[in-house]
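Notes for the one structure printed next.
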Amino acid sequence: MSNPISSPFGRSQLLRRSPPPTPTAPIPPRDPDPPVSAENELPSEAIATSEIQKWLGSIDGILNEVCTIVGEGKMNSDQKLRVSTLCRKISSGTSQMAVLFQSLKQKTVKAYNTIQHLQDQQYVADTLEQLKEVVATKLNTTETTSYASMVKKGPENFIRPANLSSVAIYPCDKTKTSDDTKSLVQKIISPEQLKLHVRGMKKVRNGGVVISTESKGDIEKLKKSEKLVSSGLTVEEPSKRRPRVAIIGVPVALTDKEVFDCIYEQNLSDKALNITRESFYESVKLSHKSGKKGLPSCNYIVELPASIRKIIISQGRIFINWTSCPVRDFTVVTRCFNCQQFGHAAKFCRETSPTCNHCGEPGHSGKECNSSSSPTCATCKRYKRKCDHPTGDVTCPARKYAEMNYINSIDYEGV
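Numbering follows UniProt numbering, with no gaps: position 108 of the sequence shown is 108.
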């Protein structure tokens, strides 16, 4: 028999201790695995199982029995043996519970990490699908700017003309061409001496040229040049076009007068008090209409002053009767389908023979072309530039250059 003083179950030891409290669920052993981040850690309810709950109930009953035996105050050999046996059962049951707890925890965390990994893969797949749609949209873009694509651009794509100053130079001799004027200007004017910042020079009608510079100071230097005046050249301020806007989806049931009445009354009368009805009708002009016949709506291309254009472009749409019509700046550049150059229509073309819009070769049209090669830009090919794209494509450098020249020729009043 063991010594009652040294034995943990001896009477003297029991007298020095208060009765044990009501037992609670034991703290699980420390996880030897690396700690799991807070975002991956799951609540305890997700790990509990019916077996663990059953073992916890059994442990509670065993501990209660131990408390009852110890509370009797007297322990014989049989009681001590029972206490020892019960404690071993507690130890064994707790160990089994801890092992299962750890196993369940590892499996749960592993499953959760797998779910997180699958979600990340799904996000990557969705992103790639969106990029695929964007690329497909870009590749399938047609060569003509449609009104639908103008609507999709949204009001954030406002016109941003280049901040340049220009001057027009014309010859007094009407028989002179623009090439003659350009050669003469380059001969008598030295940009180095005048310290000019010339951005470009383009030919215009009536044998003139337009010179674009960085600032108005450069223009003043050209105006004051005595060499220009003494050479029989006239220096003038270039006239600019008025802006045009496209009103999308105007009901065809309305007359032109009814449409313009709605534009003024529903959109301008309460915002621009300085614009009267009479001044509005005098300054606004219908350029043309577009759209397929037989549809309930069409598109109005309207020429108007820059002050009115600012108001309607800033609000993004025009209210006409019971319809809300998107409105956009109209900057579509005309392309000749005879010579494939920008800036004029086929009926005004001076070329006697057509140029193919597929292979870029002169002498035949696109309908007559027998080439099976990839499309070649006729415009860029004519100027000996990179031409590995269809004629009139939205990415064509010649088209972008023509559009920018067109925008810079419009008076947006500093917009």
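We treat Cβ as the ideally placed atom computed from N, Cα and C, and that holds for glycine. Owing to the predicted nature of the structure, the values given are computational and were not obtained by experimental measurement.
Assigned secondary structure, residue i (DSSP; H/G/I helix, E/B strand, else coil)
i, result
"Ala38", "Model confidence at Ala38 stands at a pLDDT of 43, short of 50, so the residue's coordinates are unreliable and nothing is read from them."
"Phe342", "strand"
"Thr24", "With a pLDDT of only 43 at Thr24, under 50, the local geometry of the prediction cannot be trusted, and no value is derived from it."
"Asp411", "coil"
"Met75", "coil"
"Asp179", "helix"
"Thr276", "coil"
"Gly249", "strand"
"Arg350", "coil"
"Ser95", "helix"
"Leu14", "At Leu14, the pLDDT of 36 sits below 50, so the modelled position is not reliable; the number obtained from the coordinates is stated separately. Helix."
"Val284", "coil"
"Ser212", "strand"
"Pro362", "strand"
"Ser372", "coil"
"Arg335", "strand"
"Arg244", "strand"
"Thr127", "helix"
"Ser290", "strand"
"Thr68", "helix"
"Thr355", "strand"
Cβ-Cβ distance between residue i and residue j below 7 Å
i, j, result
"Ser290", "Asn299", "yes"
"Asn267", "Phe319", "yes"
"Lys213", "Ser165", "Before going on, a small fix: residue 213 reads as Thr here, not Lys. In this structure, Ser165 lies closer than 7 Å to Thr213 by Cβ."
"Arg382", "Glu303", "no"
"Cys339", "Glu351", "yes"
"Gly207", "Thr234", "no"
"Thr323", "Pro251", "yes"
"Val210", "Pro238", "yes"
"Ile59", "Gly93", "yes"
"Lys221", "Leu194", "yes"
"Phe342", "Ala402", "yes"
Enclosing beta strand (DSSP E) for residue i [first to last residue]
i, result
"Glu236", "Leu233 to Glu236"
"Val259", "No beta strand (DSSP E) holds Val259; the alpha helix (DSSP H) holding it covers Asp256 to Asn267."
"Pro326", "Thr323 to Asp329"
"Leu194", "Run containing Leu194: none in the beta strand (DSSP E); it sits in the alpha helix (DSSP H), Pro191 to Leu194."
"Cys298", "Ser297 to Glu303"
"Lys202", "Val198 to Lys203"
"Pro171", "Ser165 to Pro171"
Extent of the continuous alpha helix (DSSP H) to which residue i belongs
i, result
"Cys380", "Ala378 to Arg382"
"Glu226", "Glu226 to Ser230"
"Phe309", "The question names Phe, yet the displayed sequence has Arg at residue 309. Run containing Arg309: Ala306 to Gln315, per the alpha helix (DSSP H) assignment."
"Gly217", "Lys216 to Lys223"
Close-in-space but distant-in-sequence residues of the same chain around residue i (CB under 6 Å, 5 per side omitted)
i, result
"Ala398", "Thr379 and Cys380"
"Glu156", "Its pLDDT being 43, under 50, Glu156 is placed unreliably by the model, and nothing is read from it."
"Asn321", "Cys262"
"Thr334", "Ala345"
"Cys349", "Cys336, Asn338 and Cys339"
"Asn76", "none"
"Ser2", "Low confidence applies here, because Ser2 scores a pLDDT of 41, under 50, leaving its location unreliable and the question unanswered by this model."
"Met201", "Val209 and Ile211"
Other residues of its chain near residue i: CB distance less than 8 Å, five sequence neighbours each side excluded
i, result
"Asp388", "Ser374, Thr376 and Cys377"
"Arg82", "Ile69"
"Arg317", "Ser324, Cys325, Pro326 and Val327"
"Gln96", "Trp55"
"Lys400", "none"
Chain E contact for residue i (CB, 7 Å cutoff)
i, result
"Pro362", "Included in the structure is just one protein chain, with no chain E present."
Close-in-space but distant-in-sequence residues of the same chain around residue i (CB under 7 Å, 5 per side omitted)
i, result
"Pro34", "Its pLDDT being 43, under 50, Pro34 is placed unreliably by the model, and nothing is read from it."
"Ser371", "His358 and Cys359"
"Ile219", "Ser165, Val167 and Thr213"
"Arg199", "Leu164, Ser212, Thr213 and Glu214"
"Leu286", "Asp256, Tyr300 and Val302"
"Cys396", "Cys377, Thr379, Cys380 and His389"
"Val124", "none"
Residue i Cβ short of 6 Å to the ligand SAH heavy atom set
i, result
"Pro243", "This structure does not include the ligand SAH; it has no bound ligands of any sort."
For the structure I just gave you, are there three or more beta carbon pairs, one from the stretch 402–410 and one from the stretch 318–338, closer than 8 Å? yes
Would you call the stretch 351–366 and the stretch 268–277 touching, i.e. three or more CB-CB distances under 8 Å? no
With a cut-off of 8 Å, do at least 3 Cβ pairs link the stretch 53–70 to the stretch 80–91? yes
I want to know whether the stretch 224–241 touches the stretch 178–198 - three or more CB-CB distances under 8 Å. yes
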